[in-house]
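Using the numbering used here, the letters of the sequence shown correspond one by one to residues 18 to 324. Note that the Cβ used here is the ideal one computed from N, Cα and C, for glycine as well. Here the structure is a predicted model, which means the values were calculated and not measured. What follows is a short report on a single structure.
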Amino acid sequence: MNTDNKDLSVCCANCGKGEEESSSLKACAACKMIKYCSRDCQIAHRPQHKKECKRRAKEMHDEELFKQPPPAEDCPICFERMPTLRPTGSKYQTCCGKVICSGCMHAPVYDSQGNKVAEDKCPFCRAPTPNSQKEHVRRQQRRMKAGDAKAIHNFGCFHRDGTDGCVQSYTKALGLWHRAVELGYFNAYCNIGTAYLHGRGGVEVDKKKAIHYYELAAMKGNVVARHNLGVLDMNACNMVRAVKHFLIAVRSGYTDSLGNIKQLYLNGIATKDDYTKALQYYQEYLGEIKSRQRDEAAAFTDEYRYY
Ligand SMILES: [Zn+2]
Ligand SMILES: [Zn+2]
Ligand SMILES: [Zn+2]
Ligand SMILES: [Zn+2]
Numbered sequence: 018m019n020t021d022n023k024d025l026s027v028c029c030a031n032c033g034k035g036e037e038e039s040s041s042l043k044a045c046a047a048c049k050m051i052k053y054c055s056r057d058c059q060i061a062h063r064p065q066h067k068k069e070c071k072r073r074a075k076e077m078h079d080e081e082l083f084k085q086p087p088p089a090e091d092c093p094i095c096f097e098r099m100p101t102l103r104p105t106g107s108k109y110q111t112c113c114g115k116v117i118c119s120g121c122m123h124a125p126v127y128d129s130q131g132n133k134v135a136e137d138k139c140p141f142c143r144a145p146t147p148n149s150q151k152e153h154v155r156r157q158q159r160r161m162k163a164g165d166a167k168a169i170h171n172f173g174c175f176h177r178d179g180t181d182g183c184v185q186s187y188t189k190a191l192g193l194w195h196r197a198v199e200l201g202y203f204n205a206y207c208n209i210g211t212a213y214l215h216g217r218g219g220v221e222v223d224k225k226k227a228i229h230y231y232e233l234a235a236m237k238g239n240v241v242a243r244h245n246l247g248v249l250d251m252n253a254c255n256m257v258r259a260v261k262h263f264l265i266a267v268r269s270g271y272t273d274s275l276g277n278i279k280q281l282y283l284n285g286i287a288t289k290d291d292y293t294k295a296l297q298y299y300q301e302y303l304g305e306i307k308s309r310q311r312d313e314a315a316a317f318t319d320e321y322r323y324y
């Protein structure tokens with residue numbers, strides 16, 4: 018049947034049956050552009066539709082991929098935007114499972130009379146700070162058993178590195194990261210991506226899978242994965258995509274991405290506009306994460322540096 022003159026959003030792309038003739042028009046799951054009245058019609062139409070379908074599916078994927086992801090959660094105490102990158106900018110608390118910014122970790126505690134008191138307690142839940150590394154690990158184990166996704170992810174990293182009383186096992190690490198992702202800790206996708214990129218933990222090197230996991234992480238706001246995607250695109254000479262990834266990472270404060278955009282600009286690949294934007298994004302990020310409390314903490318010790 019000739020479907021040329023029919024509106025394909027309301028009738029079967031293969032046989033032309035309209036919504037009034039077939040109550041079960043279903044959109045092509047990959048591209049959502051056209052509909053079919055039956056599986057048979059979809060199969061019959063496949064050769065004709067395949068190319069356009071793939072093109073559109075890729076387009077939709079990229080639209081999602083290059084959206085600016087939401088920023089990291091605010092610090093639960095001072096409600097300022099959390100520094101994304103420096104591990105010293107925030108700390109995971111093994112008592113309550115909260116991640117606290119360096120400023121709040123260091124901030125002095127006052128009693129009801131306004132006198133400074135020396136307190137060795139979690140600034141969020143007031144549990145006493147673990148008095149040994151062993152106790153710290155034990156608490157984290159407890160959180161892992163209770164299903165805390167971040168603790169599970171951390172244990173994955175301990176197994177990767179063979180630290181914190183864990184035997185070095187990349188296979189174990191990979192298993193824990195998958196578990197963390199299932200429980201909603203999406204940063205773990207980034208480590209899974211790296212496992213595939215280098216073929217670790219019993220998986221074969223698989224660049225496609227590495228990119229897939231990096232993309233999942235990046236879309237959830239992981240800046241390391243975003244930066245890595247930029248580097249992979251850069252190495253494959255996909256410069257437009259590379260710059261897009263780097264710009265998104267810079268907005269979350271990733272200085273390596275800023276450095277790469279600068280280099281690409283100096284090499285005549287990125288535009289002046291790209292570089293100007295990158296500098297502006299980085300300043301905006303700094304403006305959002307800077308606080309007096311965090312500056313005081315950073316001035317006190319390098320262990321609280323946050324940008
Ligand atoms: Zn049909
Ligand atoms: Zn399609
Ligand atoms: Zn804070
Ligand atoms: Zn706590």
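| query | Would you call Phe317 buried or exposed, if buried means 16 or more other Cβ atoms sit within 10 Å of its Cβ? | reply | Counting C-beta atoms within 10 angstroms of its own C-beta, Phe317 has fewer than 16 neighbours from the protein chains shown and is therefore classed as exposed.
inquiry  = I'd like to confirm something about Cys306: is its beta-carbon nearer than 7 Å to some heavy atom of ligand 3, or not?
reply    = Note that residue 306 is Ile in the sequence shown, not Cys. Outside the cutoff, so no.
Q.
Just to confirm my understanding: we take Tyr230, look at its own chain, exclude 5 residues before and 5 after, and list those with CB closer than 6 Å. What are they?
A. The residues Tyr206, Ile209 and Gly210, in chain order, have a CB closer than 6 Å to that of Tyr230 in the same chain once the five nearest residues on each side in sequence are set aside.
* Asked: Hey, is Ser55 close to ligand 1, as in C-beta under 7 Å from one of its heavy atoms?
  -> For ligand 1, at least one heavy atom lies less than 7 Å from the Cβ of Ser55.
Item checked: ligand 3 heavy atom lying under 7 Å from the CB of Gly120 -> Using a cutoff of 7 Å, the CB of Gly120 counts as near ligand 3, since one of the ligand's heavy atoms is closer than that.
Which runs of the alpha helix (DSSP H) at least 4 residues long sit entirely within the stretch 285-310? Give them in chain order.
For the stretch 285-310, whole alpha helix (DSSP H) runs of length 4 or above, ordered along the chain, are 289-306.
With distances taken between CB atoms, is the gap from Leu82 to Met236 smaller than 8 Å?
For the pair Leu82 and Met236, the CB atoms are nearer than the 8 Å cut-off.
*asked:* Report the start-end ranges of each alpha helix (DSSP H) in the stretch 134-221 that is 4 residues or longer and not cut off at the edges.
replied: Fully enclosed alpha helix (DSSP H) runs of 4 or longer: 150-162, 166-178, 187-199 and 205-215.
_On a Cα-Cα basis, can you pick out the residue from Ala47, Ala315 and Ser308 that is closest to Cys92?_
Among Ala47, Ala315 and Ser308, the Cα nearest to that of Cys92 is on Ser308.
**Study point:** Buried or exposed by the 16-neighbour rule on C-beta atoms within 10 Å, applied to Ala293
**Key:** It is Thr, not Ala, that sits at residue 293 in the sequence shown. By the 10 Å Cβ count, Thr293 comes out exposed.
**Buried or exposed by the 16-neighbour rule on C-beta atoms within 10 Å, applied to Met18** = Confidence at Met18 is low in this model, with a pLDDT of 49, below 50, so its placement is unreliable and the value that follows should be read with caution. Per the 10 Å Cβ criterion, exposed.
(Q) Going by DSSP in three states, Ile117 sits in which element: helix, strand or coil? (A) It is a strand residue.
**Beta-carbon separation (whole angstroms), Asn168 vs Arg160, contact threshold 8 Å** = Just to set this straight, residue 168 is Ala in the shown sequence, not Asn. Rounded to whole angstroms, the Cβ separation of Ala168 and Arg160 is 4 Å, and the two are in contact under 8 Å.
ask   = Would the beta-carbon of Cys95 be found less than 7 Å away from any heavy atom of ligand 3?
value = Cys95 Cβ: within cutoff of ligand 3.
**Asked** Just curious, the alpha helix (DSSP H) that Tyr230 is in, first and last residue?
**Response** Counting along the chain, Tyr230 sits inside the alpha helix (DSSP H) bounded by residues Lys224 to Met236.
Helix or strand or just coil, what does DSSP make of Arg322? Three-state result, Arg322: coil.
Got a sec: does ligand 3 put a non-hydrogen atom nearer than 7 Å to the Cβ of Cys142? Flag unset: Cβ of Cys142 not near ligand 3.
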